[in-house]
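Numbered per the working numbering, the sequence shown spans residues 14 to 86.
Idealized CB from N, CA, C, for every residue including glycine.
Computed from a predicted structure; not experimentally measured.
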Amino acid sequence: MLLLLLLLAAPQPGGTLVVRLDQEPPSLDKLTDSALAIDWLLERKVLESMAELGAHPDYALRPALATDWSISP
């Protein structure tokens, strides 16, 4: 029974994301929106980073969209 519930609750690709906002953001572009009107939670649902910080204590960078990287000389 628990396994069945877990399978039904598993994330499914595709579909529609519905979000309620108090007001419409002026932009979804983080580079041009100087007021940072994009709510952090909305941003995490819509945008994905190239890399993200790992957990405490080291906060090491870990891949997200990027699979690897190197530092140029």
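For Glu65, the pairing in a beta bridge is given by DSSP as Arg75. Here Val59 carries a helix assignment [DSSP, helix/strand/coil]. Closest by C-alpha distance to Met63, out of Ala77, Thr29, Pro70, Tyr72, is Ala77.
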